[in-house]
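Trainee: For the sequence shown, my numbering gives the first residue as 218, with consecutive numbering after it.
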Amino acid sequence: MKSIQATYEKNTPKSAAAQRRAHGAVLGGNSRGAAYHAPYPLTIEHGDGARIVDIDGREYLDLINNYTSLVHGHAYPPIVEAARRQVGLGTAWTANNVWQTELAEALIERVGSFDSVRFTNSGTEAGMLALQIARTITGRTNVLMARYGYHGSLMEFEVGSFPGLYDDHAQDRTHLATFNDADDFEAVLAEHGSEIAAVVIEPVMGGGGVVSATPEFLARVRDATHAAGALLVFDEVIAFRLATGGAQALMGVEPD
Numbered sequence: 218m219k220s221i222q223a224t225y226e227k228n229t230p231k232s233a234a235a236q237r238r239a240h241g242a243v244l245g246g247n248s249r250g251a252a253y254h255a256p257y258p259l260t261i262e263h264g265d266g267a268r269i270v271d272i273d274g275r276e277y278l279d280l281i282n283n284y285t286s287l288v289h290g291h292a293y294p295p296i297v298e299a300a301r302r303q304v305g306l307g308t309a310w311t312a313n314n315v316w317q318t319e320l321a322e323a324l325i326e327r328v329g330s331f332d333s334v335r336f337t338n339s340g341t342e343a344g345m346l347a348l349q350i351a352r353t354i355t356g357r358t359n360v361l362m363a364r365y366g367y368h369g370s371l372m373e374f375e376v377g378s379f380p381g382l383y384d385d386h387a388q389d390r391t392h393l394a395t396f397n398d399a400d401d402f403e404a405v406l407a408e409h410g411s412e413i414a415a416v417v418i419e420p421v422m423g424g425g426g427v428v429s430a431t432p433e434f435l436a437r438v439r440d441a442t443h444a445a446g447a448l449l450v451f452d453e454v455i456a457f458r459l460a461t462g463g464a465q466a467l468m469g470v471e472p473d
């Protein structure tokens, strides 16, 4: 391991310098904790297709693709051209635009569980709004999620993503169960169902180890969630790209 790290440091001196500079201005040295690794992450200069190039000029095959959001690869020419064209027309108005409606209509056509769409700036915001909606509908407060699941930076989700990091008070509104263990989810819902507004789960666990749920597990969780009077929320920030209808279409289980 030491020899691998030594080679990495030898090949990436400019990335090392860029990281030191970032620590002087950016809290924690980066704005994306999931992208950090020791001794320091690469600093990328540009990408093209499936390749990225760091500021030391070294080329890499990108197997992450921004955690699946770049399904067309980096700098895909039709997307670059569409973005360039739109920048020339303006990019933000305090008003409506037709493109969000067109995209929403396309999503509703493709995803069976969608009746309407609300766009957000991040997965954290989407998870927060979904939980707020569930709380409003059910009149309950708590959430059940998979241990080590990842749903953004909201405190209720952070305590599940990083068990043991927060004190007991912070965990009062979050219940945890083991991913792919339907018995465990059913037991928590049987005991605390009257307190739980939503069960939030990833059809494919990302930060917790890139583990796919089984269709049987998701179906049992859905049934137990509904029996408890709670709402089932799928977090498909990553898994949505598994099929045109999302992982929910692939697995045959629809959330609320």
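Every residue gets a Cβ at the ideal spot worked out from N, C-alpha and C, and that includes glycine.
Can you tell which of I281, Q303, T224 and A363 has the C-alpha that lies nearest to the C-alpha of F434?
Mentor: Nearest C-alpha to F434: A363.
Trainee: Would DSSP call S330 helix, strand or coil?
Mentor: Three-state result, S330: coil.
Trainee: Of the choices P230, T391, G329 and S286, whose alpha-carbon is the least far from that of L498?
Mentor: For residue 498 there is no data in the structure shown, the boundaries of the chain being 218 and 473.
Trainee: Three-state secondary structure (DSSP) at R352?
Mentor: Reduced to three states, the DSSP call for R352 is helix.
Trainee: Give me the DSSP bridge partner(s) of V360.
Mentor: Beta-bridge pairing links V360 to T391 and A415.
Trainee: Taking C-alpha atoms, which residue in P420, G307 and N283 lies nearest to G463?
Mentor: Cα-wise, what sits closest to G463 is P420.
Trainee: By the DSSP assignment, the beta strand (DSSP E) with H263 in it spans what residues?
Mentor: Run containing H263: I261 to D265, per the beta strand (DSSP E) assignment.
Trainee: Leaving out five residues before and five after A235 in sequence, what residues of the same chain have Cβ atoms less than 7 Å from its Cβ?
Mentor: Hits under 7 Å: T260 and I272.
Trainee: Output the boundary residues of the beta strand (DSSP E) element that contains R268.
Mentor: Looking at the DSSP string, the run of the beta strand (DSSP E) that includes R268 is R268 to D271.
Trainee: Scan the region 406 to 460 and note each continuous alpha helix (DSSP H) run of 4 residues or more that stays entirely inside, going in chain order.
Mentor: Correct list: 432 to 444.
Trainee: Quick test of the definition: if touching needs 3 or more C-beta pairs under 8 Å, does the region 444 to 458 touch the region 280 to 299?
Mentor: Verdict: yes, contact present.
Trainee: Hey, T355 and A444 are a contact pair by Cβ (cut 8 Å); roughly how many whole angstroms apart?
Mentor: Contact doesn't hold; Cβ gap of about 13 Å is too wide.
Trainee: Run through DSSP, which three-state label would E342 get?
Mentor: Three-state DSSP puts E342 in a helix.
Trainee: In angstroms, rounded to a whole number, what distance separates the CA positions of I221 and Q303?
Mentor: So the alpha carbons of these two residues sit roughly 44 Å apart.
Trainee: Which of the three DSSP states is assigned to Y277 in this structure?
Mentor: Strand, per DSSP.
Trainee: Going straight from the alpha carbon of H263 to that of E471, what length do you get?
Mentor: Rounded to whole angstroms, H263 to E471 spans 38 Å at the Cα level.
Trainee: Report the option in E319, V328 and V416 whose CA atom is closest to the CA atom of R437.
Mentor: Out of E319, V328 and V416, V416 has the C-alpha closest to the C-alpha of R437.
Trainee: Answer with buried or exposed for F374, where buried requires no fewer than 16 other C-beta atoms within 10 angstroms of its C-beta.
Mentor: Buried, by the Cβ-count rule.
Trainee: CA-CA distance, Y225 and G245?
Mentor: C-alpha separation (whole angstroms): 21 Å.
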